[in-house]
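Report on one structure; see the data block that follows.
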Amino acid sequence: MKKEDLQAALEAISKSGIQVAGDLVLEKNVEYEVANVEEGGIGIQINNGNAAEASSNPDAAGGVIPERLNTEEAEELMDKLVDAGMLTEEWQANGLSCSERALLAKNVCDKLKINDVWQVFGMLWNERPETLRSYFNKALDQKKSLKYQDKLKNVLG
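Residue numbers (this note's numbering): 65 to 221.
The structure is reproduced here in structure tokens:
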């Protein structure tokens, strides 16, 4: 689909009175697969909810630090991820794909022996736990995930 066709479709949707709840994110010339969009393609991602709930939005507000992550051991791990550039100082994902966020959450919780991974990081990142779990399941099918998991292991120790 050409960019002009995509813009025309978006204009038609907005003029038709259809309301899109949430943020509409246009991704152009993607370097990695997003949903079913292949490399070099153009795709649209609609996040239900507001920007604070759509953690794929770089301007999304962070959640609260869950009690399970409010420990010295957790802080040490998260600081390593901040130093590696994977998280911001507020422990929000820093330019990570959906799959990478889910893999990071799972690896941190495995290190801290936290069983409710998706609830904990869903609260931290203002993301639905089932969405994070779904990203994790997709990550398991991606070859690039092995490389990212190795990187996580090196950072987390």
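The beta carbon of each residue, even a glycine, is placed where N, CA and C say it ideally should be.
Rounded to a whole number of angstroms, what is the C-alpha to C-alpha distance between Glu154 and Lys211? Working through the sequence shown from its first residue, we reach residue 154 at position 90. Working through the sequence shown from its first residue, we reach residue 211 at position 147. About 25 Å.
With distances taken from CA atoms, which of Ala76, Lys144 and Leu188 is nearest Ile129? In the sequence shown, counting from the first residue as 1, residue 129 sits at position 65. Minimum Cα distance to Ile129 is reached at Leu188.
Applying the 10 Å Cβ sphere with the 16-neighbour rule, what's the burial state of Gly159? Within the sequence shown, the letter at position 95 stands for residue 159. Looking at its Cβ environment, which holds fewer than 16 other Cβ atoms inside 10 Å, Gly159 is exposed.
With three or more beta-carbon pairs closer than 8 Å as the criterion, would you say the stretch 164 to 178 touches the stretch 187 to 202? yes
Cutting at 7 Å between CB atoms, please list the residues of its own chain near Gly186, excluding the five before and the five after it. The residue you call residue 186 lines up with position 122 of the sequence shown. Arg192, Pro193 and Leu196.
Using CA coordinates, which residue listed in Arg132, Val172 and Asn179 is at the minimum distance from Val146? Within the sequence shown, the letter at position 82 stands for residue 146. Here the closest residue by C-alpha is Val172.
Compute the Euclidean distance between the alpha carbons of Met142 and Lys67, then round it to the nearest angstrom. Here residue 142 corresponds to residue number 78 of the sequence shown, with the count starting at 1. Here residue 67 corresponds to residue number 3 of the sequence shown, with the count starting at 1. Computed Cα separation, rounded: 39 Å.
What number of angstroms, rounded off, separates the C-alpha of Leu216 from the C-alpha of Glu131? Taking the first residue of the sequence shown as position 1, residue 216 is located at position 152. Taking the first residue of the sequence shown as position 1, residue 131 is located at position 67. Each residue's alpha carbon lies about 23 Å from the other.
How many Å lie between Ser209 and Ser161 at the Cα? Here residue 209 corresponds to residue number 145 of the sequence shown, with the count starting at 1. Here residue 161 corresponds to residue number 97 of the sequence shown, with the count starting at 1. About 11 Å.
CA-to-CA distance, Lys207 to Leu151, given in whole angstroms: One-based indexing of the sequence shown puts residue 151 at position 87. One-based indexing of the sequence shown puts residue 207 at position 143. Their Cα atoms are separated by approximately 23 Å.
Same chain, Cβ closer than 8 Å to Ala157, neighbours up to 5 away in sequence not counted: Taking the sequence shown and counting its residues from 1, the one referred to as residue 157 is at position 93. Excluding residues within five positions, the ones whose Cβ falls inside 8 Å are Ser119, Met150, Leu151, Glu164, Arg165, Leu168 and Trp189.
Close-in-space but distant-in-sequence residues of the same chain around Ile178 (CB under 7 Å, 5 per side omitted): Residue mapping note: residue 178 aligns to position 114 of the sequence shown, counting from 1. Only Arg132 and Val184 meet the Cβ criterion.
Tell me the residue span of the alpha helix (DSSP H) that contains Asn171. Taking the first residue of the sequence shown as position 1, residue 171 is located at position 107. Element bounds for Asn171: Cys162 to Leu176.
Could you give the C-beta distance for Leu220 and Lys175, rounded to a whole number, given that I count them as a contact under 8 Å? As a position in the sequence shown, residue 220 is number 156, starting the count at 1. As a position in the sequence shown, residue 175 is number 111, starting the count at 1. Indeed, because the Cβ distance is near 6 Å, the residues count as touching under 8 Å.
So, at 7 Å on beta carbons, what are the nonlocal neighbours of Glu137 in its own chain, with the 5 sequence-adjacent residues on each side left out? Residue numbering aside, residue 137 sits at position 73 when the sequence shown is read from its first letter. For Glu137, where only same-chain residues beyond five positions count, the Cβ hits under 7 Å are Leu176.
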